[in-house]
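Asks:
Numbering (the numbering used here), first residue to last: 630 to 964.
1. Which residue or residues does DSSP assign as beta-bridge partners of residue 822?
2. Alpha carbon to alpha carbon, how far is residue 749 from residue 713? Give it in angstroms, no decimals.
3. Report buried or exposed for residue 925, applying the criterion of at least 16 other Cβ atoms within 10 angstroms of its Cβ.
4. Contact check, residue 719 vs residue 694 under 8 Å by CB: the rounded distance?
5. Could you give the distance in angstroms between the alpha-carbon of residue 922 and the alpha-carbon of residue 892?
6. Looking at residue 828: is its Cβ nearer than 8 Å to the Cβ of residue 817?
7. With DSSP as the reference, label residue 706 as helix, strand or coil.
8. Do residue 946 and residue 815 count as a contact pair if the criterion is CB distance below 8 Å?
9. When the Cβ atoms of the segment 854-868 are set against those of the segment 910-918, are three or more pairs found closer than 8 Å?
10. If residue 734 sits next to residue 839, beta carbons under 8 Å apart, how far is it from one beta carbon to the other, in whole angstroms?
11. Return yes when the Cβ of residue 888 is within less than 8 Å of the Cβ of residue 902, no when it is not.
12. Cα separation between residue 758 and residue 773?
13. With respect to the beta strand (DSSP E) encompassing residue 947, which residues constitute its N-terminal and C-terminal limits?
14. For residue 959, name the three-state secondary structure that DSSP assigns.
15. Comparing alpha-carbon positions, which option in 951, 940 and 949 lies nearest residue 776?
16. For the beta strand (DSSP E) containing residue 728, name the first residue and the last one.
17. Going by CA-CA distance only, name the one from 681, 641 and 763 that's closest to residue 651.
18. Name the two residues that bound the continuous beta strand (DSSP E) containing residue 869.
19. With a threshold of 8 Å, are at least 3 pairs of Cβ atoms found where one atom belongs to the segment 671-680 and the other to the segment 635-644?
20. Considering only the beta carbon of each residue, do residue 699 and residue 683 sit closer than 8 Å?
21. With distances taken from CA atoms, which of 701, 662 and 885 is nearest residue 971?
22. Tell me the rounded alpha-carbon separation between residue 882 and residue 764.
23. Look at the alpha carbon of residue 965 and the alpha carbon of residue 846, and state the distance between them as a whole number of angstroms.
24. Sort 770, 880 and 762 by Cα distance to residue 890 and report the nearest one.
25. How many Å lie between residue 732 and residue 951 at the Cα?
26. In terms of alpha-carbon separation, which member of 729, 778, 639 and 725 lies closest to residue 745?
27. In angstroms with no decimal places, state the Cα-to-Cα distance between residue 767 and residue 937.
28. With distance defined between alpha-carbon atoms, name the residue in 751, 728 and 704 nearest to residue 657.
29. For residue 888, which of helix, strand or coil comes out of DSSP?
30. For residue 851, which residues in the same chain have their Cβ closer than 7 Å to its Cβ, ignoring the five residues on either side in sequence?
31. Near residue 755, what residues of its chain come up, given a Cβ to Cβ distance below 8 Å and the 5 sequence neighbours on each side ignored?
32. Answer with buried or exposed for residue 870, where buried requires no fewer than 16 other C-beta atoms within 10 angstroms of its C-beta.
33. Could you tell me the distance, in whole angstroms, from the CA atom of residue 665 to the CA atom of residue 895?
34. Let me make sure I understand the geometry here. Which of 813, 649 and 691 has the alpha-carbon closest to that of residue 726?
35. Per DSSP, residue 814 forms a beta bridge with which residues?
36. I need the straight-line Cα distance from residue 647 to residue 706, nearest angstrom please.
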């Protein structure tokens with residue numbers, strides 16, 4: 630099959646890039662906001678990437694960032710002439726009509742970067758479709774993952790330089806110290822455990838409950854999920870490959886009412902128990918909990934479901950009970 634090469638220019642906005650660079654060299658606070666939003670690769674024009682790198686270098690070194698220092702930084706690396714010389718650097722602040730619109734310019738640059746990433750992903754999927762290298766199911770999973778990664782990593786994704794990571798970490802640390810930002814943790818509802826975990830379960834981490842069979846791992850996991858959803862309003866997703874949805878709800882209702890789960894299973898409810906149930910139902914009803922009890926869920930299927938819920942802000946904690954029961958499209962060891 631003959632391929633036709635697309636001669637169209639990928640999405641970009643050079644004027645917005647110039648405005649962003651100009652704002653970075655004009656206002657320190659704006660510089661911090663922009664470096665938290667944009668990474669070097671977001672710039673389409675190669676010389677603008679080089680200039681932005683110089684700005685990042687100066688910022689991380691604690692040096693002033695202006696047209697003179699940026700020019701000197703580029704000159705010290707033999708890059709100034711390739712970037713248009715000091716005359717071009719000096720013109721960049723004038724390219725920004727209003728510094729107060731800096732984040733708007735940065736968002737325009739970021740938007741075009743995301744569109745270029747999307748085009749690259751679609752080209753990759755299209756190429757794989759024509760090569761018959763993967764099954765339709767595998768390609769759908771790949772497309773879903775790639776597109777989600779673009780959406781989920783609007784400020785950072787994949788490989789980053791240490792200066793970009795460090796710059797963001799220092800800004801986050803300063804915000805935490807000033808009380809302007811709250812640490813991204815999910816409290817377990819057990820204060821002693823939260824203290825050991827320095828605040829709770831950290832976002833983006835994998836936490837494994839390990840113990841011998843019959844020691845209460847599932848019960849603890851469900852208790853944490855229940856407390857996170859009812860006490861701290863964290864949206865929770867539960868994948869149970871062992872218990873049914875009804876059994877999970879029975880356990881959650883037992884924990885919320887402090888009524889023995891056996892009594893709930895057998896329907897041996899006393900008059901005083903109905904009062905507790907009446908108080909517990911609205912609490913559980915208002916909790917954002919999604920339960921999936923399919924026994925043949927694969928890791929990719931779980932991932933797709935969580936990504937969809939995350940896009941709707943309905944996924945803050947994921948509980949899988951338990952990992953070794955998961956199946957896969959490929960033959961692998963259960964470990």
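Backbone N, C-alpha and C define an ideal beta-carbon position, used for all residues, glycine too.
Replies: Here's the rundown:
1. For residue 822, which the question treats as bridged, DSSP gives no partner whatsoever.
2. The alpha-carbon atoms of residue 713 and residue 749 are separated by roughly 29 Å.
3. Residue 925 is exposed by the Cβ-count criterion.
4. With a contact defined as Cβ atoms closer than 8 Å, residue 719 and residue 694 miss out at about 14 Å.
5. Each residue's Cα considered, the two are about 23 Å apart.
6. Against a cut-off of 8 Å, the Cβ pair of residue 817 and residue 828 comes out as no contact.
7. DSSP places residue 706 outside both helix and strand once states are collapsed to three, so it counts as coil.
8. In this structure, residue 946 lies closer than 8 Å to residue 815 by Cβ.
9. With three or more CB-CB distances shorter than 8 Å, the segment 854-868 counts as touching the segment 910-918.
10. Contact annotation, residue 734 with residue 839: C-beta distance approximately 50 Å; criterion of less than 8 Å not satisfied.
11. Going by C-beta atoms, residue 902 is nearer than 8 Å to residue 888.
12. Taking C-alpha positions only, residue 758 is separated from residue 773 by approximately 15 Å.
13. First-last of the beta strand (DSSP E) with residue 947: 946-950.
14. For residue 959, the predicted model reports a pLDDT of 47, less than 50, meaning its position is unreliable; a value from the coordinates is still stated below. Three-state result, residue 959: coil.
15. Considering only 951, 940 and 949, the residue with the shortest C-alpha distance to residue 776 is 940.
16. For residue 728, there is no enclosing beta strand (DSSP E), since its DSSP letter is neither H nor E.
17. Among 681, 641 and 763, the Cα nearest to that of residue 651 is on 681.
18. Segment 865-869, the beta strand (DSSP E) holding residue 869.
19. Cβ pair count under 8 Å is three or more, so yes.
20. Cβ atoms of residue 699 and residue 683: closer than 8 Å.
21. Because the chain spans 630 through 964 in this model, residue 971 falls outside it and cannot be assessed.
22. Pairing residue 882 with residue 764, the inter-Cα distance amounts to about 43 Å.
23. The question about residue 965 has no answer here: the residues shown for the chain are numbered 630 through 964.
24. Per the Cα distances, 880.
25. Distance between the alpha carbons of residue 732 and residue 951: 44 Å.
26. Restricting attention to 729, 778, 639 and 725, the CA atom closest to the CA of residue 745 is found in 639.
27. The C-alpha of residue 937 is placed about 18 Å away from the C-alpha of residue 767.
28. Closest option to residue 657, Cα to Cα, is 728.
29. Residue state, collapsed to three classes: coil.
30. Taken in chain order, the residues that qualify are 877, 880 and 881.
31. Answer for residue 755: no residue qualifies.
32. The residue is buried, with at least 16 neighbouring Cβ atoms inside 10 Å.
33. Approximately 56 Å, taken between the alpha carbons.
34. Nearest of 813, 649 and 691 to residue 726, Cα basis: 649.
35. Paired residues: 831.
36. Using only the alpha carbons, I get a separation of about 21 Å.
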